[in-house]
Structures are given as structure tokens and as C-alpha cells.
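Residue 36 in the numbering used here sits at position 36 of the sequence shown, and the numbers go up by one each step. I have placed the structure first, in the form of C-alpha cells, so that the comments after it can refer back to it.
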Amino acid sequence: MYNYYNYPCPNIYPWYRQQYPTYPNYPYNQESVFSPWSLQYPGDRVFIEIKDYGPNPFVINIEEATEQNNTFRSTLWTGDNLQLTLMSLNPGEDIGLEMHPDVDQFIRIEEGRGIVQMGDSEDNLSFEETVGDDFIFIIPAGKWHNLTNIGRTPLKLYTIYAPPQHSHGTVHETKAEAEAEH
């Protein structure tokens with residue numbers, strides 16, 4: 001009978017040994033892939049510059065970018081037909097009751113808790129749901145809507161507008177700054 005020492009091919013099944021350790025983050029166990037359109041190597045946590053990268057091709061870790069954003073509103077990518085915007089709402093703060101007549105909107109919550117309200121008129125917000133981490137909601141064009149942070153920490157979200165709602169490169173540090181512009 002064969003054993004490890006007298007097996008004809010010692011480095012194959014059933015006694016194959018790895019040539020280097022297999023603990024996490026060992027450099028030989030991870031493939032480093034870099035894309036010129038990306039801002040980081042996979043697996044690395046780096047600071048992401050929040051600015052409008054549109055309309056160029058673009059790749060980003062959206063969760064990390066959303067969590068790093070501390071402005072009320074910053075556009076991250078603006079094209080002819082689509083816009084990606086990051087937002088951070090402080091505890092008790094809301095987006096502000098609004099309606100976009102020709103714009104559909106997709107919102108995903110990355111961190112925090114809130115209440116989303118929607119309706120056909122600003123006096124009749126018949127839809128109300130509590131949302132939290134990893135929730136999405138879609139606002140059809142022509143619906144009045146608002147999102148209020150009900151948590152103790154900032155509510156971090158990203159929203160996709162189709163077509164774009166804000167001008168290229170929009171950055172509103174605070175809600176007051178956003179309201180002053182409109």
C-alpha cells in the first residue's frame with residue numbers, strides 16, 4: 001500500500017499539499033485585478049473622491065462610496081438619460097416633499113432607518129413604509145414623495161434618476177444649500 005513517502009506522484013491526489021498558506025489576505029491567494037475605469041483594486045478600502053464622473057465609463061463600489069459621502073446631495077455620475085446621486089440625511093432630517101413630473105426615481109438605503117411617504121398630491125400621501133439597510137423603493141414620475149431619517153445615525157442612500165434631475169457636478173453640502181438653489 002502506498003503512503004505519502006512512497007506514493008509515485010507525491011504532489012497529486014490524494015495527498016496534495018498547498019505550496020503556501022491559505023489564510024485570508026495572503027497576497028498569493030488573491031487575484032489583483034485593476035481596471036483603468038475603476039477607482040480601486042478589489043478588496044482594498046480606499047478613499048473615494050466624490051465628484052461627477054459622467055458621462056465617461058465608470059466602475060465603483062457603490063456601497064463604500066455611499067457610506068463615505070457626508071454631503072446632503074452629490075452627483076456621482078450624470079449622463080444624457082440617467083443620473084446617480086449620493087445623499088446623507090442627518091437624524092431627523094428629510095429630503096423634502098417633492099414631485100418630479102417627468103422623472104422616475106430609484107432609491108436604495110445603504111445605512112440607517114427612515115420613513116418613506118408617497119401619494120398623488122402633497123396633501124394626500126397615502127403610501128407610508130419604514131425602510132432600512134438594503135431596502136429599495138421606486139418613485140414613479142408624478143408622485144409626491146418624502147423620506148425622513150428616523151434613526152440616530154445619518155441615513156446614507158443613493159438614488160438613480162431617469163432622466164437626470166440635477167445639473168452635472170451638483171454638490172449640496174447641506175439641505176439649506178439645496179433649498180436655496182431651487
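Just so it is clear, CB atoms sit at the ideal spot from N, CA and C, and this is done for glycine as well.
Beta-carbon to beta-carbon, R113 and I150 are separated by about 5 Å, close enough to satisfy the 8 Å threshold.
With contacts defined as CB atoms closer than 7 Å, N70 and L86 fail to qualify as a contacting pair. Going by C-alpha positions, K143 is about 30 Å away from I60. In this structure, V171 keeps its C-beta atom at 7 Å or more from the C-beta atom of A141. A Cβ-Cβ separation of about 12 Å leaves L157 out of contact with D94 under the 8 Å criterion. Comparing alpha-carbon positions, the option among E122, G119, L155 lying closest to V131 turns out to be L155.
Counting along the chain, no beta strand (DSSP E) covers I150, and no H or E run does either. Judged by their CB atoms, A178 and R73 are nearer to each other than the 7 Å cut-off.
The Cβ-Cβ distance between H168 and D52 falls below 7 Å.
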